[in-house]
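To start, the structure under review is shown below, and the notes come after it.
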Amino acid sequence: MNSTRSGIGVGFVGSLQDRYSAPTLSSLTTSADADNDDIKSQIHPMGHLLLTAIITPKGNTLKDALLADEFDAYFFDPYATKEVNILGKSYPLSTSFSSTYATWLSENNLQRASLLNMIAKKDSAKMPELFMLSPHNPNQKVIIIIHELAFSPTTWVNLTNNLLADPILRDNYQCSRSFMRRTYPSSKTAIKSISSLIKVSVTLIQRAPILPARTRY
1 MNSTRSGIGV GFVGSLQDRY SAPTLSSLTT SADADNDDIK SQIHPMGHLL LTAIITPKGN
61 TLKDALLADE FDAYFFDPYA TKEVNILGKS YPLSTSFSST YATWLSENNL QRASLLNMIA
121 KKDSAKMPEL FMLSPHNPNQ KVIIIIHELA FSPTTWVNLT NNLLADPILR DNYQCSRSFM
181 RRTYPSSKTA IKSISSLIKV SVTLIQRAPI LPARTRY
């Protein structure tokens, strides 16, 4: 399924400075006496923003536009803006809805992290970690994809891309990923931890700051 929308504009991925990144090899293999019981610290807001840029030259005529050396640049949120109006005509705004997800996967290298967890000396988290893949939208339902040690987040790339590609799902649901850093001694322990994570995660997602809907940045 194609997760792109054809149209005009150039796609960009904006990265927030304070975004969370996956632990390094040294942090995973270093023993620690204290366990991390702070559930809030296990939930990471989206660290990348999807943007589409459009540049318009100065001038009122074609000749002025061709000779212009000044331009106006506009950055749009392609989730909030599906079309732009240029000279009285509407054009679809191009974007790749999976680009922020791909950037997140590439930056964190979670497939490598899942392998490192198997040899890590410390139990880096009693609770799984939850990664929000989009800003919180109170009008959307939440989908949480859960995978444990044997399955890295890259296992579900195709499924996530399909969710991002479908316009009905994209407009009505928001997707978050839960990554378990360890195995559990019993199914009851795993179910209890997952149940707690989902309840707390949904509560925190609902309380997360809501980014204002805007057509331009």
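For what it's worth, our numbering labels the leading residue of the sequence shown as 1, then goes sequentially. Glycine included, every Cβ here is placed at the ideal spot set by N, Cα and C. As the structure is a computational prediction, the values presented were derived from the model and not from experiment.
{"Query": "Option in W156, V10 and Q140 with minimal Cα separation from A73", "Result": "V10"}
{"Query": "Coil, strand or helix - K199 by DSSP", "Result": "helix"}
{"Query": "Three or more C-beta pairs below 8 Å linking the stretch 49-60 and the stretch 68-83", "Result": "yes"}
{"Query": "With 16 other Cβ atoms within 10 Å as the buried cut-off, status of G47", "Result": "buried"}
{"Query": "Buried or exposed by the 16-neighbour rule on C-beta atoms within 10 Å, applied to I43", "Result": "buried"}
{"Query": "Coil, strand or helix - E107 by DSSP", "Result": "helix"}
{"Query": "Where Q174 falls, given that 16 or more other Cβ within 10 Å makes a residue buried", "Result": "buried"}
{"Query": "Opposing strand residues paired with P92 [DSSP bridges]", "Result": "E83"}
{"Query": "Cutoff 6 Å; reference T100; Cβ partners in own chain excluding five residues on either side", "Result": "V13, H48 and L50"}
{"Query": "For S3, the nearest candidate out of R170, K199, S176 and R177 (CA to CA)", "Result": "R170"}
{"Query": "Straight-line Cα distance separating S176 from K141", "Result": "11 Å"}
{"Query": "Cβ pair R5, P92 closer than 8 Å", "Result": "yes"}
{"Query": "Straight-line gap, L133 to N158 (C-alpha atoms, nearest Å)", "Result": "15 Å"}
{"Query": "DSSP-derived helix/strand/coil call for K63", "Result": "helix"}
{"Query": "Local conformation of Y173 per DSSP, three classes", "Result": "strand"}
{"Query": "Unbroken beta strand (DSSP E) run spanning A73, endpoints", "Result": "F71 to F76"}
{"Query": "DSSP three-state assignment for A68, whether helix, strand or coil", "Result": "coil"}
{"Query": "P138 versus N108, A165, N172 and L163, residue with shortest Cα-Cα distance", "Result": "N172"}
{"Query": "For S15, the residue or residues it bridges with in DSSP", "Result": "H48"}
{"Query": "Closest by C-alpha distance to N94, when choosing among T160, A80, I143 and D69", "Result": "Rather than Asn, the amino acid found at residue 94 in this sequence is Ser. The residue with the shortest Cα to Cα distance from S94 is A80."}
{"Query": "Nearest-angstrom beta carbon gap, W156 and I144 [assumed within contact, 8 Å]", "Result": "Rounded, the Cβ-Cβ distance is 12 Å, inconsistent with contact."}
{"Query": "Nearest neighbour of S41, chosen from T61, Y20, N60 and K58 [CA to CA]", "Result": "Y20"}
{"Query": "Spatially closest choice to D166 from L105, K199 and S96, by CA coordinates", "Result": "S96"}
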